[in-house]
Each structure stands twice: as structure tokens, then as C-alpha cells.
Amino acid sequence: MSQVFESIFSTGFFFSVIRVATPLILASMGAVITSNAGITNIGIEGVMLVSALTGVFASAYGFGPWFGLLISIITGVLCSLAIGYVSMSLKADSALTCIAFNTMAVGGTVYFMYAVVKDKGTTIALNSGKLPSLEIPLIKDIPVLGEILSNHNVVSYMALVMIFVVYVLLYKTPLGLRIRSAGKAPNALSSVGVSFLKTRYIALGISGVLGGMAGAFMSMGYVTWFSKNMTAGRGFIALAADAMGNSTPLGAALSAMLFAIAEALSYALQITTISPELVQMLPYAVTILGLIIYSVKKSSSDKKKREQLAKN
Amino acid sequence: MSSYYKGHPQNLVKDIGYRMKEKVILKVENILKVYPNGIVANRNVNFEVYEGEIHALIGENGAGKSTLMKILFGIETPEEGRIILNGEEVKIENSKKAIGLGIGMVHQHFMLVDSLTIAENIALGNEPKKRGLFIDKAKMIKQAEEYAKKYNFKINVTDKIEDVSVGVKQKTEILKALVRGAKVLILDEPTAVLTPQETRELFAELKTLKKQGHTIIFISHKLNEIMEICDRVTIMRHGTTVETCYVKDTNPQEISNKMVGREIVLHVDKKPAKRGEVCLEANNLVYVNGIGKKMLDGVSLKLRRGEILSVAGVEGNGQAELAEVLTGMKVPINGTIKILGKEIKTFTPATMRGNKVTYIPEDRMRNGCAAKLSIMDNLFTDKIEKYLKLKIFLDRKKMKKQSEELVKDFKVKCSSINNQVQVLSGGNIQKVVAARELTEEAQIIIAEQPTRGIDAGASELIRRKIVEYRDKGAAVLLISADLNEVLELSDSAIVMHNGRINAYFKDTSTLTEEELGYYMLGVKNQSEEEVNAILCEK
Amino acid sequence: MRKVTKMSVNRFNTWFEVLRFLIAIFIAFAISFIIMSFSTDSPFAAIGNLFIGPLTSVRRFSTVLEMMIPLTFAGLAVNVMFKANQFNLSAEGAFFMGALISAILAIYMPGQAKLVLIIAIIAAGIVGSLVCAIPGALKIKWNCSEMVVSLMLNYVMLYFGTYIFNQVARDPNSAYKASYKFRTGVGLSNIIPKTRLHSGIFIMIAFVILTYIFMYKTKWGYKLRMTGSNIHFAKCAGIGVSGVIMSSQLIGGFIAGVGGSVEMLGMYTRFQWSALPGYGFDGVILNIIAKENPAFIPVAAFFVAYLRIGADYMYKQSDVAAEIVSIIEGLVIVLVAATAFLAKFRHRMTTKVSKNMLEAGGAKE
């Protein structure tokens, strides 16, 4: 048992939580933006995957990892807008559109990977490079905390910043006000002469930026290559984190952290006798539980409100 | 009657020369609006609004008021006609343009974001900024507060919409329009959702607005309100404007007469009712809706076999809720329902259906059919158990035979009974609904606006069918806002006003539209004993 | 053209749907062809191989049929759940758990082999029902999003299943992650020598017929279609919609569970899945292609399986990655699901057809 505690309460463990949390936080921020605009964007899974691959290609054949990150972001935006075009302008069911897009993403990335590097598994043969890690001055010298917080990949820091950025965007800017209105009451937007369709496109575009960053981290930070279906459902987790966090940036980020802890725990516990599968299962089960608690609360508060009104 | 002007409104000003000092701010000329389905919503619509007046627009449901207002706010574009604002002809293509021209509209259904504050709702689309990027929250709140103060609106602008009353929501909508510089303010039935206290507050605010030079177009059914705060009134009937006159020169009776004037005389041959036993008995029903308004306030009635009892009333006075309670769609908070003497314990559509209550709902696309399924599928939804083989399998042959008979009997225009319902016209969809609900088994038929929005041919057929099933012994409750229909079809009638029955007519043969109109608008009210006669008669 | 304009609106709609589908397939292939022409010098040969691949040997053609079996089950399972208008994606988890439970029974359950086989399949169905019931129940009771819950539930099932697998069935002597071997005789028999085609195909055919009958010939299917098509109307007509929705999720889960066991007992001798099989999403794809009609699901499954096997052949022959099919599939789905795709053309034609009908006196008073 002491072995378990040792592995959990080590600085290495907390360091790895942040590392594992990075793509989840970024993707869940993307999900927060779209769900605030009234779109359940399951396509974020595919967006991450495609961006991860284009980033690697751009880095290897272009101008290195920073250029790769840029291309990943652009890819993310384009993919998200394509999903928006099909579901909003061509009026296909948005969930179906996203499922179709994810299918295309899983297969399409393998197709192009094989076309370029003649390997269906990974792009390990490409020397695509890695986005740099940053030592944070001052913090790195603090004992324990420094070891946990310093020397992370630059995208990890971006992810933490993004929680704040998305918060400000949603709650402090005109665009955020419009995005939230587009999700809650599109006709309220139309009644003041703002197009809610346009607002939703913008929200999708922003979620594309975040999804693209998440993808870039997967293939140029977490590891230094692209591998088949490497996102492995992280987009879905982001969606669940958004639902569990009630579509608020902080709530979703904390939910994403919970997943990350469970994931890191499952790695750490591999050396013990506790089954890693049960630990891995935990975050998903907790999410379902969280969703239930949230829904129960909501339905009972709605009821109370109605009764209150009836009394008056 | 001399105060009514019967010619072209353009000449109105000439005729009443002593009021020449009034400046016309908005003028509408010869508007024609035809919807894609061929329904003429507006024709020969002419009226003028003076600057700084409260101008009422009154008419029955379907008289074309809402369409006209949508045209003024750029939601619909007219086929013909001119709109002249401040002496210049304008084209209002969309709401943005209307807002730009200084026209504001407060819809009956609020267009607000519940999770945002009042100030945020007011600022939406027009947000004050600081440092180029961020919302200047302080300025936003200050702006909203300033406007609220200027017009004497007593609200707390940092409250969230979801936490405030309907009256405050409406104030927010009005402020939304004012902040955008609205000089002409259109209010679509603003008092329909308000309590009497809130209505009084609203009127005070409207008077303030008027004093500050705003022009208000006030759409309403409620005559007493119009008499109270409006300067002039334009009456609409069957899609066209009938008259414009000064409120102080007229009286409620006259307005009511003009509103309900009958155009097409419709006649359904029917024998006198042979009333039988009491099928349905409702006692003291009370229902409160989702926003806390009492829609049914102690409704009691008895419905007998072989009679058609009409429920007349201006929309929103509880008739829809009465139908929904009687069909099990909504649960009353008080009161009892007895069917054939047996009290109903659980209020669900299934129990009501089990007691042979059938229902032609007002919203046929939502509650009356599955649009993507075939006509045949739609004819058996409530009685599929009677069309089975071996208790499990659908008896297709029997269903097909019955469907073909029904389609023929109800003259549904279709190429086959396998047509999807959604490819049919509105009238034919309603025939399918009626064909399902009007059956031999039905004991109690609740028909809610059965002919609304459908063509004359289909209307006539459905009305004839309702009479036919009455003669076969069903008890019919007909809820209708169409006075023609009420007078032609019903044997007895009640009128609902503010969630209560305010009149009962045992015999409708001598009843006139004018008389009904007075009760519908609450100009007249019967005494409690007169109303309760419905419960005493055998 | 005269013939076209004289037909009824109804027939026109059917005809139009078929045409739209063909156009969608054509566009999907055209785009894929363009993509392929970037990665190979002989795109024509490659696409030719894609088309003829499955026909080049009995074995390959039989692989198409083998693949079609689980796909059809997935399609039917999703069909029953979708028809109630529930976007429940837990067929995936139900498939996995069904396969696992049948494998465990096939390893440990004593008794006559044929009996064990039948019990294993039924048990898998029951487990599948339970899995798919969870999102349905949460939706009905508390209005939780069935989609998010089912996505999460699939992973819960994967890890929970893997845990059980490790605890009770894993063969420590196996070089890779696999269970003990199934008992001899507990498996679906092979029906064509030298292929892996197994008698599960008959179970599949039975399920297609049963699902079709259920959906269109029984009162339950009738109520289910009503509820899915317009829940307000169904309620208003006295149908108990919660019960209908719940039972549809149970039935869908049952089909998925059975599908998992048929695949496991037909194609494998040990349980060796370490990831979700992906049939849940495939089921969605098939339903779009089949227009949510259970009778067309095996056809759609054949189409998808044929494409995938053809692509595999193309990969071996022309060195173009087989995964191009997922792009074709995705494009077909998107175009078929996009209601606005060709909508203007349709509207113009419908108006014309209606007018013609009126003129021809087809719509008499």
C-alpha cells in the first residue's frame, strides 16, 4: 500500500497529471464554446485527430514545430467550419454530421499517413520535432511546486491560459454575450438584428482553434509522432467534461482535471495490484454520476420555481 | 355613428379638419399580403398613426393584425402597398432595417435570454465596450438604469431574466426597443400575459412614454383597455381595415359591432338537438400555467349526449387550457371531472381516451399527427388495439379497408393512403385528424378550433361531420374563436373570459354575434345564477 | 420527361430519394478518386481493384459476408433505438459486453455444447439490454442527454469488461491478451469450407426478418414509430411513451448483445478484444444509408462490407491505403443526411408534379 501512496504523492505524478490534462482541457474549452452556442460538437474528436496529423506534416516538411502548431490550428478551424457548413447550411443532423466526420478523420488520417510515410501505424519515421518545454523562472526554484509546475510543454501552459481566455471571452466580451445568447435564445439575437447562424459559425471556428491546439499537443508535445487514432476518445471526454462542468470554463476544466488524475492514476497504479481497468473506468463512471446529479438538481429546481410562481 | 369615418382613411384628416394639427408619423397604404399557401392575410389595409398617440389596433383572431405588424417590423414583406414613415416611403426588408428606422416591437412571446441579466439583454447586439475588446459592464448597467429611470420603469437591471416576473420581462422588451432609438413602438397584445396590477403599471409607463413623444401601436382584444388608454382605434376585420376613429367619439358596443361583422354566411343544416344523459361533468376546475397565471379559475359545466356545447371566447381566456385539462394533457390543481357519473382519478391522455374522449387538437402538427408517417398509420393511433390479429399483429387488411373508407368519407385529397401526411395541405391534414377522432365509439368529442386556418371546403366538411356525430349520440364540446362557427354549429354556448365562464346560453338560435361579442370582450357579464344554469338543467 | 411529371408526388419522392442517394455515392467516389490520384500513379487501376476485389476469390467474397453479419446486427440494434428518436450510442458497449459474456459462458459453462451455445447467445442479449437501458432510463427519468451518457458508458463497459476478462477468463499462458479457449463444440459452425463464414448468418437473417416484422407488423412497432415520429402526438393519442422508449432501448440492446455473441462465437475461439469494436458508430452509418428501414440494413451492411474488403484488396494490389473507404463512407453519409442537398431541385420538381397532377385532374374534389 505504501508503494501506492508513494507513487501517487510524488511530484512525478502531479507533473504527469498536468501533461495528461493538457489536451483534455483544450478540447473541453472548445466544447464549452460550442455548447454555449447551442451545438453539441462530437466532431471535436475528429478535429483533434486531423490537426495532430497536419501539424506533424507541416513540422516535418515545413518549418518545424511552431509552424506545425500554426497549421494544426488552421486545420482545426477549417474542419470545424466544414462541420458547421454541413450541419447548418446543408441542414444535416449535427450529431450525424459529427459522427460522419469522425469516421472520415480516423480513416482519412491513416490514409494520408500511409500515402506520405508508407506506414499505417505511426509517423515515427518522420523527424517532426517537438514543441519546446518551458522552465518558469522563480516558480522552478520553489521546492516540490517547482518540480510539478515547471518544465512543461509550452502548449500545457497555453491550455491553462486558455481556461482564462475562454472565461473572459464568454463572460466579458460582446462576442461571448452573443454566443451565449445564440445557444439559449436564438430568436433574442435575431430580434436585435444579429445573425445567430453567423455567431454559431464563429463559435465553431474558435472551438476549432482549441481543438487544433489539442491535436498539435498530442503529436508534437505528448509524443513526437502521429499514430493511428491517437486521440482515443479524448474528444468525447471533453464533451462529457463540458456537460459535467455545466458548460462553464472553470467547471469543465476541473472535470477535465478529474479525468486526467484518473488517467495518470491508472498509469501510476500499474505497478501495484489494483486493477488499472477499474481506475480507468472511474472517470467515465463519475461523469455519468455527475450528469445524473446535475440533471436531478435541475429538474427539481425547475419544479420549485414553477411552484413558487404558482403561489404568487 | 357620425364619428365613424367610412371612406378612405386618406380623407379622414380632411373630414375632421379641426384635428389638422396632428402630424402623421406612419402611414400604411393598400397593403396586400398573400402567404405562400395562398391565404390572403392582408388586403386593402390603410391606416395612419399620429405622432405621440397611443393607437389601438383591434380585430378578431385571424383578422390580420399580427401579419400587419410583422410587415411593419420587417419580418414579412407585403406583395403590394406602401409604408410611409415621416413623409418618406420606406422599404422594410428586415428587422434590422426596422430598428434603424426607429420602429420597435414587443412580441407577445418574449425574445429574451433567460440566463442573462436585464442589462445584458438590453445591451445585446449593441454592447458598450472598453479597451476595444471587452464589455463595459459598468456602462452597460448605467445605460440600462438611465433608460429605466427616464421612463419611470421600476426594475433592477442586474436581475436575471429567469428570476423576474412576466411584467418585468415585458418592461425589458420595451426598454430593448427604446435603447435602440424606437420612436414608434408596437406592442402585440401586451396585456395578455399580465396580471391586473401589472397591466396598471404598464399603462402608467405607456402614458409616460407618450408624454415623452413616443408613438405606440397597441394591439389588443380588450375593449376596456383600449377605452382606457388609447387615443384612436383602427378596427380590422377579415384581413382589411374597417375604420379608424377617436376613442372618445365611440363606445365599446360600436367597436364590438364593427369587429365581428359577418362576411361569409355559412350555413350547416342541422336538426334540433336531442339531448340525452350527462356525459361529462366538470366541477370547479382550476389550472395554473407554467408562469404562474391562473388560466382556469373555477370552471364548472355539464355536457350532454347529443348536444354541441360551444366555448366562445377571445384567445387566451382559458379555453385552450380547458380542452387540455379535459383531454388529460394537463393536470388541474383543483376540481373534479366526472364522465358518465364516474370520477376521473388520474389525469392522463390514456385514461381520458379509455373513457372514450376524443380530441381534435388546435395544433394539429404537434398534437394531431405524425407528419412523416402515412395517412393510414395516422388513422389508428388511438385505437390500434382494435385492429389486431392474434392480439399482436397489425391487421393490415382491416386497416387498409377502414382507411380507404375514411379517406373517401372525409374526402381527403391524396393519391393513396400510403402518402405521408406532410405532403397534404393543411385542410386535408385536418380531415385526417378529424377522420381519426370522429368515430362511432366516441362518447365525448372535444374539438378545439377544428377549422382554423383551413380552406372553406374542408371547414364545411368538418363542421358537417361534427353535426353528424352529434346526431349519432356523441357529446361535443366545440372550442372556437370563430363566431360564425359557434352560432351555426352549437346548440348551447358558454363564453369564457379571464378563466371563468361569464355567460351561458342554453339556446343559441336567437343569439347574435354582437351579443356574444359583448360577453367575449367582457363588456357584459351574466350573473352567477345565470351562468350556473348550465349545471342545473337536466 | 412526360412520364416523370405525370407520376404522383409520392412516387416522385421515392424516385428522388434513390436518385439523391446515387448522386451522393457518385460524388463521394469522385472526391475519393481525386484524393487517390494524388497518392498513386494509377488511380484507375486502384479504384478498379476496389470494385472487383471482393469478386476475385470465393474466400474474399465470403469475407464480405462474414463482415456483414456483425454490421447488420449493429444496424438493427441502432435502428430500433433510433426509431424511438433516441440518440443512444451504447450499442457499442452492448456489443462488447455481449461478446464477453458469451465467451465466458463458452469457456466455463458445463452441459451439452448446443445448449451452452444457445444460453450464451441469450445471456449476451440480456446483458446488451441492460447496457442500453441505462441511457434510456436516465433520459426518461431525469432528462440526461442520452448521447453523452452513452458515449461515456461505452468506455465504462470497455474497462469494466476488460477487468472481468482479466479476473476470470484471461489465459496467463497466452502470448497476447486472450482468454482461455472456448469449449469444443461451443461455437457457430462453419458453413463453407476454407472460409470463416459461419451459421451466424442464419441468425442474422432471422433477426432482420423479426425486426422488420416487429417494426411494421406489430402493435409495438406501430407505437414505437408513432412515439419516435412525434412524441407529443403519441402522448395525446394515449400511448404510454416512456414505456415505449424504454422497451425500444431494451430491444435494441438485446440485438446488439446477440450480435456481439454471434461475432465472438462465430469468428473466434478465444476472447481477445482489447478495444471497443466500433460497431456502435457503424450502426449509425448503416441506418443513414438504409434510410432507417430494417429491411435495407443488410443491404447497406453488404455495401459497406463490400467496400471495406474491396479497399483491402486495393491496398494489397495497388498500395493505396484501404482507409480511403472511411472517407467514401463519411461523404455518402453527409450528403444523404444533408436535407438541403438538392433540396431546391426537389422543391422545383415537387411543385411541377403537383401542378401537373392538378391539371391532369389527379386531385379531384
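Chain order of the listed sequences is A, B and C.
Per our numbering, residue 81 is the first one in the first sequence, and the count goes up by one each step.
Per our numbering, residue -10 is the first one in the second sequence, and the count goes up by one each step.
Per our numbering, residue 884 is the first one in the third sequence, and the count goes up by one each step.
Built from N, CA and C at the ideal position, the CB exists for glycine as well.
Since the structure is predicted, the reported quantities are computational estimates derived from the model, not experimental observations.
Could you tell me whether the Cβ atoms of A:K264 and B:V102 are closer together than 7 Å? By 1-based counting over the first sequence, the position of residue 264 of chain A is 184. By 1-based counting over the second sequence, the position of residue 102 of chain B is 113. It is a contact, given that the beta carbons lie within the stated cut-off.
With DSSP run on the structure shown, which of helix, strand or coil describes B:T347? Position 358 of the second sequence, counting from 1, holds the residue named residue 347 of chain B. In this structure, B:T347 counts as strand in the three-state DSSP scheme.
Select from C:A1058, C:V999 and C:S1157 the residue whose C-alpha is nearest the C-alpha of C:G1044. To locate residue 1044 of chain C, count along the third sequence from 1; it is residue 161. Of the candidates C:A1058, C:V999 and C:S1157, the one whose C-alpha sits nearest the C-alpha of C:G1044 is C:S1157.
Who does B:V222 pair with in a DSSP beta bridge? Taking the first residue of the second sequence as 1, we reach residue 222 of chain B at position 233. DSSP lists B:A45 and B:C234 as partners of B:V222.
Within chain A, the residues that C:W1025 reaches when beta carbons sit closer than 7 Å: By 1-based counting over the third sequence, the position of residue 1025 of chain C is 142. By Cβ distance, chain A contributes I372, S375, V376 and S379.
Just to make sure I have the definition right: I need the residues of chain A whose C-beta is within less than 8 Å of the C-beta of B:N115. Which are they? Position 126 of the second sequence, counted from the start, is the residue given in the question as residue 115 of chain B. The answer, in chain order, is V272.
Can you tell me whether DSSP reads B:S55 as helix, strand or coil? By 1-based counting over the second sequence, the position of residue 55 of chain B is 66. In the structure shown, B:S55 sits in a helix (DSSP, three-state: H, G or I).
Quick one: does A:K220 have its CB under 7 Å from some CB of chain C? Stepping through the first sequence from its first residue, residue 220 of chain A is reached at position 140. Closer than 7 Å: no.
Quick one: give me the first and last residue of the alpha helix (DSSP H) that B:G488 is part of. Here residue 488 of chain B refers to the residue found at position 499 when the second sequence is read from its first residue. Careful: B:G488 lies outside any alpha helix (DSSP H) and carries neither H nor E.
Beta bridge counterpart(s) of B:D286 as assigned by DSSP: To locate residue 286 of chain B, count along the second sequence from 1; it is residue 297. BP columns for B:D286 point to B:V275.
When you compare only the Cα positions, how much space is there between A:T189 and A:G126? Here the question's residue 189 of chain A lines up with position 109 in the first sequence. Here the question's residue 126 of chain A lines up with position 46 in the first sequence. A:T189 and A:G126: Cα-Cα distance of roughly 10 Å.
Which same chain residues, not among the five before or five after B:V249, have their C-beta less than 6 Å away from its C-beta? Translated into positions along the second sequence, residue 249 of chain B becomes position 260. L472, E502 and G506.
Counting only beta-carbon separations shorter than 7 Å, does A:V350 have a partner in chain C? As a working note, residue 350 of chain A is residue 270 in the first sequence. According to the sequence provided, residue 350 of chain A is Gln. The question's Val does not apply to it. Not one chain C Cβ lies under 7 Å of A:Q350.
Closest Cβ-Cβ distance between B:H424 and chain C: below 7 Å? For this step, residue 424 of chain B is matched to residue 435 along the second sequence. Looking at the sequence provided, one finds Ala at residue 424 of chain B rather than His. False, the Cβ-Cβ gap to chain C never drops below 7 Å.
Reduced DSSP secondary structure (H/G/I, E/B, other) of B:E37: The sequence position of residue 37 of chain B within the second sequence is 48, counting from 1. Strand at B:E37.
Could you tell me which chain A residues have their CB closer than 8 Å to the CB of B:D103, listed as they occur along the chain? Along the second sequence, one-based indexing puts residue 103 of chain B at 114. Within chain A, the residues near B:D103 are K264 and A265.
Under the rule that 16 or more other beta-carbon atoms within 10 Å means buried, what is B:R353, buried or exposed? For this step, residue 353 of chain B is matched to residue 364 along the second sequence. Buried is the call here.
Could you check how far apart the C-beta atoms of C:K911 and C:A1139 are, in whole angstroms? I think they sit under 8 Å. Counting from one through the third sequence, the residue named residue 911 of chain C turns up at place 28. Counting from one through the third sequence, the residue named residue 1139 of chain C turns up at place 256. It should be noted that the sequence gives Ala, not Lys, for residue 911 of chain C. That belief does not hold up - the Cβ atoms of C:A911 and C:A1139 are roughly 27 Å apart, past 8 Å.
Mind checking who B:Q409 pairs with in its DSSP beta bridge? For the purposes of this step, residue 409 of chain B is identified with residue 420 of the second sequence, where counting begins at 1. DSSP lists B:S363 as partners of B:Q409.
Would you report the Cα separation of B:Y508 and B:I443, rounded to the nearest angstrom? Numbered from 1 along the second sequence, position 519 holds the residue referred to as residue 508 of chain B. Numbered from 1 along the second sequence, position 454 holds the residue referred to as residue 443 of chain B. Near 27 Å, if we compare the C-alpha coordinates of B:I443 and B:Y508.
CA-to-CA distance, A:S96 to C:N1056, given in whole angstroms: Start at 1 with the first residue of the third sequence, and residue 1056 of chain C comes out as number 173. Start at 1 with the first residue of the first sequence, and residue 96 of chain A comes out as number 16. If I take the Cα positions, the gap works out to 33 Å.
Below 7 Å between beta carbons is the criterion; list the residues of the stretch 92 to 107 of chain A that meet it against any residue of chain C, in chain order. none
Please report the straight-line C-alpha distance between B:R234 and B:G511, rounded to a whole angstrom. Taking the first residue of the second sequence as position 1, residue 234 of chain B is located at position 245. Taking the first residue of the second sequence as position 1, residue 511 of chain B is located at position 522. With the sequence shown as reference, residue 234 of chain B is identified as Cys, and Arg is not the correct amino acid for it. If you take the alpha carbons of B:C234 and B:G511, they lie about 21 Å apart.
Same chain, Cβ closer than 6 Å to A:L129, five either side skipped, listed in chain order: Numbered from 1 along the first sequence, position 49 holds the residue referred to as residue 129 of chain A. Hits under 6 Å: A185, T189 and T311.
With C-beta atoms as the reference, is A:I113 less than 7 Å away from A:S287? The residue labelled residue 113 of chain A in the question sits at position 33 within the first sequence. The residue labelled residue 287 of chain A in the question sits at position 207 within the first sequence. Yes.
Output the distance between the C-alpha atoms of A:F94 and A:G325, rounded to the nearest integer angstrom. Here residue 94 of chain A refers to the residue found at position 14 of the first sequence. Here residue 325 of chain A refers to the residue found at position 245 of the first sequence. Approximately 22 Å, taken between the alpha carbons.
On the criterion of 16 or more Cβ atoms from any shown chain inside 10 Å, does C:I914 qualify as buried, or is it exposed? Translated into positions along the third sequence, residue 914 of chain C becomes position 31. Result: exposed.
Give me the subset of the stretch 374 to 391 of chain B whose CB atoms are less than 9 Å from a CB atom of chain C, sorted by chain position. E374, Y376, L377, K380, I381, F382, L383 and R385
Less than 7 Å separating the beta-carbons of A:L149 and A:A296? For the purposes of this step, residue 149 of chain A is identified with residue 69 of the first sequence, where counting begins at 1. For the purposes of this step, residue 296 of chain A is identified with residue 216 of the first sequence, where counting begins at 1. Yes, Cβ-Cβ distance for A:L149 and A:A296 is below 7 Å.
Would you list, in sequence order, the uninterrupted alpha helix (DSSP H) runs of no fewer than 4 residues that lie entirely inside the stretch 199 to 240 of chain A? 225 to 229
Tell me, to the nearest whole angstrom, how far the beta carbon of B:I483 is from that of B:V300; I am working on the premise that it is less than 8 Å. Numbered from 1 along the second sequence, position 494 holds the residue referred to as residue 483 of chain B. Numbered from 1 along the second sequence, position 311 holds the residue referred to as residue 300 of chain B. With 8 Å as the limit, B:I483 and B:V300 qualify as a contact, their Cβ atoms being about 6 Å apart.
Indicate the three-state DSSP secondary structure (helix, strand or coil) for B:V79 in the structure shown. Within the second sequence, residue 79 of chain B is the residue found at index 90, counting from 1. In the structure shown, B:V79 sits in a strand (DSSP, three-state: E or B).
C:N932 versus C:A1089: straight-line alpha-carbon distance, rounded: By 1-based counting over the third sequence, the position of residue 932 of chain C is 49. By 1-based counting over the third sequence, the position of residue 1089 of chain C is 206. C:N932 and C:A1089: Cα-Cα distance of roughly 33 Å.
Please name the residue in A:L161, A:S115, A:P145 and A:I98 whose C-alpha comes closest to that of A:V289. Counted from its first residue, the first sequence places residue 289 of chain A at position 209. Checking every option, the nearest Cα to that of A:V289 belongs to A:L161.
Count the other CB atoms within 10 Å of the CB of C:A1226; is the residue buried (16 or more) or exposed (fewer)? Here residue 1226 of chain C is taken as the residue at index 343 of the third sequence, counted from 1. With fewer than 16 other Cβ atoms within 10 Å, it is exposed.
Quick check: what's the CA-CA separation for A:Y302 versus A:N207? Within the first sequence, residue 302 of chain A is the residue found at index 222, counting from 1. Within the first sequence, residue 207 of chain A is the residue found at index 127, counting from 1. Looking at the two C-alpha atoms, the distance is approximately 15 Å.
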